[in-house]
Amino acid sequence: CEQGVSPSLTTYGAIVRVCERSSWWQSALELLGDMPRSLLAPNVVVFSSAVAACSRANEWRWALELHENMKEGGVKPDVIAGSALLSAYEHGRLWQSAVRLVADMRLGRVGLDSAFYFKALDVCF
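Here the sequence shown stands for residues 1176 to 1300, where the numbers follow this note's numbering.
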């Protein structure tokens, strides 16, 4: 950034969230790519927003790629990230992936709510 001001993880999270709400999935991906230059690693909040931006724009393949990046980076999805992933699975008609995600999240002791389970059921039917 200009004048020696470096963005924080919170800054990136807020901007990627704007991208999510506006379905600017390409901008969200660019921001994720910029984070290492700022010596920052995306956290679950940043990944969740980027996944949701891709899913909203029906770019579910990119959302799946981000899920792989999350796993590689050791970032475990929370219920919000999981819900965004379920939306991507729904767009891609990937019910098997939805079932696997639910099982993985339960094994990871993520607190899943009824809305998450209903969303998972929607993907399967």
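Cβ coordinates follow ideal geometry from the N, Cα and C atoms, glycine included.
Kindly provide the ranges of any alpha helix (DSSP H) runs that are 4 or more residues long and lie completely inside the segment 1182-1252, ordered along the chain.
-> You should have 1184-1197, 1200-1209, 1219-1231 and 1235-1247.
Around the C-beta of Pro1211, are 16 or more other C-beta atoms found within 10 angstroms, so that it is buried, or is it exposed?
-> Per the 10 Å Cβ criterion, exposed.
According to DSSP, is Arg1284 helix, strand or coil?
-> In the structure shown, Arg1284 sits in coil (DSSP, three-state: anything other than H, G, I, E or B).
For Arg1275, which three-state DSSP category applies?
-> DSSP places Arg1275 within a helical segment (H, G or I) once states are collapsed to three.
Backbone secondary structure at Leu1261 - three-state DSSP = It is helical.
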